[in-house]
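S.K.: Chains as they are written, first to last, in my numbering: chain L, 1 to 340; chain W, 1001 to 1601.
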Amino acid sequence: MSATLNRVGLPRDAYKGAATTLCAGCGHNSITNHMIKALYELGVEPHMLAKMSGIGCSSKTPAYFVESAHGFNGVHGRMPALTTGAQMANRRLIMLGVSGDGDTASIGLGQFMHMIRRNIDCTYIIEDNGTYGLTKGQFSATADLGSVQKKGAVNTFQPIDPCAVALTLGCSFVARSFSGDGKQVVPLIKAAIAHRGTAVLDIISPCVTFNDHDGSTKSYSWVKDHEESIADVSFIPFFEEVHVDYEPGTVRDVQLHDGSHILLKKLGEDHDPKDRRAALRVIEEGRAAGHLVTGLLYVDPDSVDFATTEQIPATALKDLSEDDLRLTPEQFGQFMSEFA
Amino acid sequence: MTDPIINDLTIQAATVNGSGSQTANLVLTRAIFKMGIPVAPKNVFPSNIEGLPTWYQLRVTPEGHMARSDRVDILVAFNAATWREDLRTVRPGGVVIHEESYSTADARTDVIYYGVPFSKLAKAKIPSETLRKQLANMIYVGVVAGVLGIPWEALEHGVRRQFLSKPKAVQVNLDAIKVGLDHWQDNFSKQDAYRLEPMTGAVEGKVLVEGNQAAALGALMGGVTVAAWYPITPSSSLCEYLIAYADRFRIDPKTGEKRIAVVQAEDELAAVGMAIGAAWAGARAMTSTSGPGISLMAEFAGLAYYAEVPVVIFDIQRIGPSTGLPTRTSQADLAFAYTLSHGDTKHLVLLPGTVEECYEFGRDAFDYADRFQTPVFVLSDLDLGMNLWMTPAFQYPEKPFDRGKVLSKEDLERLAGEWGRYQDVDGDGVTYRTLPGTDHPAAGYFTRGSGHDEHARYTENAEAYARNMDRLNRKFETARKAMPAPVVDESAKSAVGLVAFGSTHVAVVEARQRLAESGRTVDYMRIRALPLSPEVAEFVRRHERVYIIEQNRDGQMFDLIRLALPSDLIDRVHSIRHYDGQPIPADAIIEPLMETEAVPV
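1. So that I know if they touch, is there some Cβ in chain L lying closer than 8 Å to that of Lys1258 (chain W)?
2. Going along chain L, which residues have a C-beta under 9 Å from Pro1400 (chain W)?
3. Let me see if you follow: with CB-CB separation under 8 Å, is Gly9 (chain L) close to chain W or not?
4. Starting from Pro248 (chain L), trace the beta strand (DSSP E) in both directions and tell me its first and last residue.
5. Which chain L residues sit within Cβ distance under 9 Å of Val1207 (chain W)?
6. Mapping DSSP to helix, strand and coil, what is Cys122 (chain L)?
7. Anyone know if the C-beta pair for Val1378 (chain W) and Pro1352 (chain W) falls short of 8 Å?
8. Flag this pair as yes or no: are the beta carbons of Ser205 (chain L) and Gly27 (chain L) separated by less than 8 Å?
9. In whole angstroms, what is the alpha-carbon distance linking Pro1484 (chain W) and His1505 (chain W)?
10. Are there three or more Cβ pairs, one per stretch, closer than 8 Å when the region 94–108 of chain L is compared with the region 1319–1333 of chain W?
11. Three or more C-beta pairs under 8 Å: does that hold for the region 1266–1279 of chain W against the region 1242–1257 of chain W?
12. The alpha helix (DSSP H) that contains Gly268 (chain L), what's its start and end?
13. Exposed or buried, what is Leu292 (chain L) when buried is set at 16 or more other beta-carbons lying within 10 Å of its beta-carbon?
14. Buried or exposed: which applies to Tyr246 (chain L), given that a residue is buried once 16 or more other Cβ atoms fall within 10 Å of its Cβ?
15. Can you give me the Cβ contacts of Val1601 (chain W) inside the same chain, cut-off strictly under 6 Å, excluding the 5 residues immediately before and after it?
16. Considering only the alpha carbon of each residue, which of L:Ala192, L:Asp181, L:Ser59 lies closest to Cys171 (chain L)?
17. Check whether the Cβ atoms of Val58 (chain L) and Gly100 (chain L) sit closer than 8 Å, and answer yes or no.
18. If you pair each beta-carbon of the region 1436–1453 of chain W with each one of the region 1471–1483 of chain W, do three or more pairs fall below 8 Å?
19. Excluding the 5 residues preceding and the 5 following Ala1492 (chain W) in the sequence, name in chain order all residues of the same chain whose CB lies nearer than 7 Å to its CB.
20. Closer than 8 Å, CB to CB, is Val75 (chain L) near chain W or not?
21. Going by alpha carbons, who is nearest to Gly1605 (chain W) out of W:Phe1558, W:Gly1205, W:Asn1025, W:Lys1258?
22. May I ask you to report which of helix, strand or coil DSSP gives Met1469 (chain W)?
23. Are the region 1172–1185 of chain W and the region 1194–1208 of chain W touching, with three or more C-beta to C-beta distances below 8 Å?
24. By the three-class DSSP mapping on this structure, what secondary structure does Leu1296 (chain W) have?
25. Please report the straight-line C-alpha distance between Gly1320 (chain W) and Val1272 (chain W), rounded to a whole angstrom.
26. Does Asn211 (chain L) pass the burial test, meaning 16 or more other C-beta atoms within 10 Å, or should it be called exposed?
27. For a cutoff of 8 Å on Cβ pairs, would you count Ser216 (chain L) as touching chain W?
28. What residues from chain L crowd round Asp1439 (chain W), counting only those whose CB sits closer than 7 Å?
29. Using a beta-carbon distance below 8 Å, is Trp1419 (chain W) in contact with chain L?
30. Out of W:Glu1063, W:Arg1541, W:Ala1304, point me to the one whose CA is closest to Ile1006 (chain W)'s CA.
31. When the cut-off is 8 Å and only beta carbons count, does Ala191 (chain L) lie next to chain W?
32. Do Gln1317 (chain W) and Ser1295 (chain W) come within 8 Å of each other at the CB atom, strictly closer than that value?
33. Using only the alpha-carbon positions, how far apart do Gly1404 (chain W) and Leu1220 (chain W) sit?
34. So, under 8 Å CB-CB, Glu203 (chain L) and Phe238 (chain L) are touching, yes? Tell me the CB distance rounded to an integer number of Å.
35. Compute the Euclidean distance between the alpha carbons of Asp1073 (chain W) and Glu1591 (chain W), then round it to the nearest angstrom.
36. Short of 7 Å Cβ to Cβ, which residues in the region 104–133 of chain L face chain W?
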């Protein structure tokens, strides 16, 4: 039986990577699988994909999908800088950054914020487990106030919510999800990739070894019990047709710049994904009610990304030659004479 | 009346920063240069926006000496706060042009005073209140021109050249200069010996360029396509010039697209990270910074070394640990930059000694980085970077870019996809890389700062780790031979040799000349790169005593050279160090040298 090929003629296996070295049952492994599915279904060309990461369990995962793509596992908390540079050098690359809660909310908070401020065209996935796994279970900055460490210590500090931070900074795409909710994660990854600008996707991804116990608010059971999705998400890529088979008024349709659509089916209260203040309110109200609000919180489909603002050439800068980059001998001579 | 002193003097203008004095000083510099006389200006400025003392030293010599001189011949005292202190710096018989209201009671009697009522003149003769403070500085240009005999055409040229982009300002400035000149002619008769007379043969074909301008032009000609930076004195002007030059020369006339991407980063960590990310994706990428920024870049520098990503890092050195003296010069980042980052990390370092080399090394640094797939540091300094230097016009590059070992789609097809990112195919330690976006299924690899094997796969294997580190060393040795060789002058056939690098060069040139005049000729080797060339040890072997001259406290180059020498040569080297933040004068070489030479070891 031959494998089903996607629109660029590749089987799903072409999107696989090396075998994971993370713990069995780690939420990050589920996200890796969601990533493989999303990239395969979108038909992303592996050679145009740049997998970027910092340091930590999450940052190892780019080795576990699309092996034939370029990847860059940099230094702790500095993935945004590397991503910004690579995007400047070749704006046609599809930048996919994978980070964690330590990498993003602690050591890398500054770079995370400035990347959003510049609206670098990239997908920024936070595999968020509220704990430092590789160093054996210290609290991270996204751990909730009062949550309990495996050895019993109680977190006494307010959490930094990457989604709230991103919204406050005017991030053009902000979503939250749960690693165990593939139905939601996969379309959100696709939408984040299609979006032009920085797309932040905070995925709660339980650490089975250090943060999956009672008293943790990042455990499988806690998230399953407290997840409140604001809308069912589906994604229709530009190369597929939209089939309208829903009741009028029940679904919001957000069209992105490349002609793809995000369809949001109302669940409870109607949330307008283009209303940034409403997104902040939904997060705050969820927190007050003890819920984990998931779904597409905010999107600005008219977002203008950094490369566009900065008029960076469509050609990769590596392809520019001496003729493009050097002054001509005449210009050079004239320029030197101005220093006389 | 003593014999006239012609074209050999140092003018020191003591003013208040933020008052417009820099423009006046530059007009004076350009006017004297226009007379065909070599000029060497040094700006000593505070880390402050407005109101603190600043000094501008303009040295004029028929020989074209470019080093700072401690000897002040003509003081323009324009700052009441430093008046007494400034007065002490003037050599006996020197000239003091001062605001008339500064008291000369109990002051020195061995100098010649020209008291000028600058404030009164400015109030009476400069109608515009908004421009008065700035134009007052131009009045002293007029007085100096009167004292020294600078022709009006030269002054006119100086003003026009300085206000190239603001032609409307030319006339008011010339009017202010005229106020000073007229006042001099109407009120004084010349008491001193100093004169400026037009020369020929000394400055023809020469231009006045700041090192940071030269480096920016170098980077542009070297094909820089991404620059990420964070403002810091004294490096900021490098990227600002680059931006200005790119706005002029890198805009696609048809599409309006910029053929360069420049970003002001949030800090130096991000700046170098962006440059590394860009270079990884195939751009020719750079950042520019100074000491504190270099400290912040340490972690990323190690990543780029170990993951083998080319990047160019300009370090325009200032002096001091920590914040130090942000507006004073030094060569004290040498040892730190050379091994920047933890673990076994070491880097290629270019050491430009002239503004011409700021241009050449600023350009070629991108070739070295691409060729050796590693960070290349260009160590300039505040003196070189921010002062104007007389230089021959720069040469148009003869060579195309050297992009190093990059496999294209066609190469990969030819190899049937068989390649290893860190496989030493050629035996020179330099491996092949591919760039993201290369349309071949075997092009992609995983770049990482963690342990990796020849195929860029993660490994903690001891042998694989050591093998890779040895191969990196092999690469470093290949680079050692390719970096710019030292410039050696052994025409003196002396038993004594001097060794220097960077902006110390000009002081060595002057010291050697003066030593020769007193019958003591010395040889000279100027080092232009790290790792050290094997020629350094050979130079030491050919001399009985070798003095390593540098602008830092700890003798960093001295240490590096001693580490590289065979044990029988170590005792031959001596260290001369200058580290007060002011550019090293020739005296700071001659005096310690003579002291040691007087007592032969």
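Where a beta carbon is used, it is the ideal one built from N, C-alpha and C, also for glycine.
Since we're looking at a predicted model, the values are computed, not measured.
M.R.: Let me spell this out:
1. To locate residue 1258 (chain W), count along the second sequence from 1; it is residue 258. Closer than 8 Å: yes.
2. Locating residue 1400 (chain W) in the second sequence gives position 400, where the first residue counts as 1. Chain L residues near Pro1400 (chain W): Ser321, Glu322.
3. Taking the first residue of the first sequence as position 1, residue 9 (chain L) is located at position 9. So, not an interface residue.
4. To locate residue 248 (chain L), count along the first sequence from 1; it is residue 248. Per DSSP, Pro248 (chain L) belongs to no beta strand (DSSP E) and is neither H nor E.
5. Here residue 1207 (chain W) is taken as the residue at index 207 of the second sequence, counted from 1. Met336, Ser337, Glu338, Phe339, Ala340, listed in chain order.
6. Indexing the first sequence from 1 puts residue 122 (chain L) at position 122. Three-state result, Cys122 (chain L): strand.
7. Counted from its first residue, the second sequence places residue 1378 (chain W) at position 378. Counted from its first residue, the second sequence places residue 1352 (chain W) at position 352. Yes, these two residues count as a Cβ contact at 8 Å.
8. Residue mapping note: residue 205 (chain L) aligns to position 205 of the first sequence, counting from 1. Residue mapping note: residue 27 (chain L) aligns to position 27 of the first sequence, counting from 1. The answer is yes: Cβ separation under 8 Å.
9. Numbered from 1 along the second sequence, position 484 holds the residue referred to as residue 1484 (chain W). Numbered from 1 along the second sequence, position 505 holds the residue referred to as residue 1505 (chain W). Roughly 16 Å between the two C-alpha positions.
10. no
11. no
12. If you number the first sequence from 1, residue 268 (chain L) lands on position 268. Careful: Gly268 (chain L) lies outside any alpha helix (DSSP H) and carries neither H nor E.
13. Locating residue 292 (chain L) in the first sequence gives position 292, counting from the first residue. The residue in question, Leu292 (chain L), is buried, as its Cβ has 16 or more Cβ neighbours within 10 Å.
14. Here residue 246 (chain L) is taken as the residue at index 246 of the first sequence, counted from 1. Exposed is the call here.
15. Counting from 1 along the second sequence, the entry for residue 1601 (chain W) is found at position 601. Confidence at Val1601 (chain W) is low in this model, with a pLDDT of 47, below 50, so its placement is unreliable and no value can be given for it.
16. Working through the first sequence from its first residue, we reach residue 171 (chain L) at position 171. Per the Cα distances, L:Ala192.
17. Here residue 58 (chain L) is taken as the residue at index 58 of the first sequence, counted from 1. Here residue 100 (chain L) is taken as the residue at index 100 of the first sequence, counted from 1. Note on identity: in this sequence residue 58 (chain L) is Ser, with Val being the wrong assignment. Yes; because the gap between Cβ atoms is below 8 Å, this pair is in contact.
18. With the cut-off at 8 Å, the region 1436–1453 of chain W and the region 1471–1483 of chain W do not touch.
19. For the purposes of this step, residue 1492 (chain W) is taken as residue 492 along the second sequence, with counting starting at 1. If we look at Ala1492 (chain W) and ignore the five residues flanking it on each side, its Cβ neighbours are Thr1521, Val1522, Asp1523.
20. Reading the first sequence from its first residue, position 75 is the one you call residue 75 (chain L). Cβ-Cβ to chain W under 8 Å: yes for Val75 (chain L).
21. There is simply no residue 1605 (chain W) to check, as chain W begins at 1001 and stops at 1601 in what is shown.
22. Indexing the second sequence from 1 puts residue 1469 (chain W) at position 469. For Met1469 (chain W), the secondary structure class from DSSP, reduced to helix, strand or coil, is helix.
23. no
24. Mapped onto the second sequence, residue 1296 (chain W) falls at position 296. Reduced to three states, the DSSP call for Leu1296 (chain W) is helix.
25. Reading the second sequence from its first residue, position 320 is the one you call residue 1320 (chain W). Reading the second sequence from its first residue, position 272 is the one you call residue 1272 (chain W). CA-to-CA, the gap between Gly1320 (chain W) and Val1272 (chain W) works out to about 22 Å.
26. Start at 1 with the first residue of the first sequence, and residue 211 (chain L) comes out as number 211. Counting Cβ neighbours within 10 Å, Asn211 (chain L) comes out buried, since at least 16 surround it.
27. Locating residue 216 (chain L) in the first sequence gives position 216, where the first residue counts as 1. No, because no Cβ of chain W sits closer than 8 Å to the Cβ of Ser216 (chain L).
28. Position 439 of the second sequence, counting from 1, holds the residue named residue 1439 (chain W). In chain order: His47.
29. As a working mapping, residue 1419 (chain W) is identified with position 419 in the second sequence. No, Trp1419 (chain W) lies away from the interface with chain L (no Cβ there is under 8 Å from its Cβ).
30. Indexing the second sequence from 1 puts residue 1006 (chain W) at position 6. Among W:Glu1063, W:Arg1541, W:Ala1304, the Cα nearest to that of Ile1006 (chain W) belongs to W:Glu1063.
31. For the purposes of this step, residue 191 (chain L) is taken as residue 191 along the first sequence, with counting starting at 1. Against chain W, the CB of Ala191 (chain L) has no partner CB under 8 Å away; the residue lies outside that interface.
32. The residue given as residue 1295 (chain W) occupies position 295 in the second sequence. The residue given as residue 1317 (chain W) occupies position 317 in the second sequence. Against a cut-off of 8 Å, the Cβ pair of Gln1317 (chain W) and Ser1295 (chain W) comes out as no contact.
33. Position 404 of the second sequence holds residue 1404 (chain W). Position 220 of the second sequence holds residue 1220 (chain W). Using only the alpha carbons, I get a separation of about 19 Å.
34. As a first step, residue 203 (chain L) is located in the first sequence; it is residue number 203 there, counting from the start. As a first step, residue 238 (chain L) is located in the first sequence; it is residue number 238 there, counting from the start. According to the sequence shown, residue 203 (chain L) is Ile rather than Glu. Incorrect: roughly 24 Å between the Cβ atoms, too far for contact.
35. Looking up residue 1073 (chain W) in the second sequence gives position 73. Looking up residue 1591 (chain W) in the second sequence gives position 591. Spanning the two alpha carbons is a distance of roughly 21 Å.
36. Gly110, Gln111, His114
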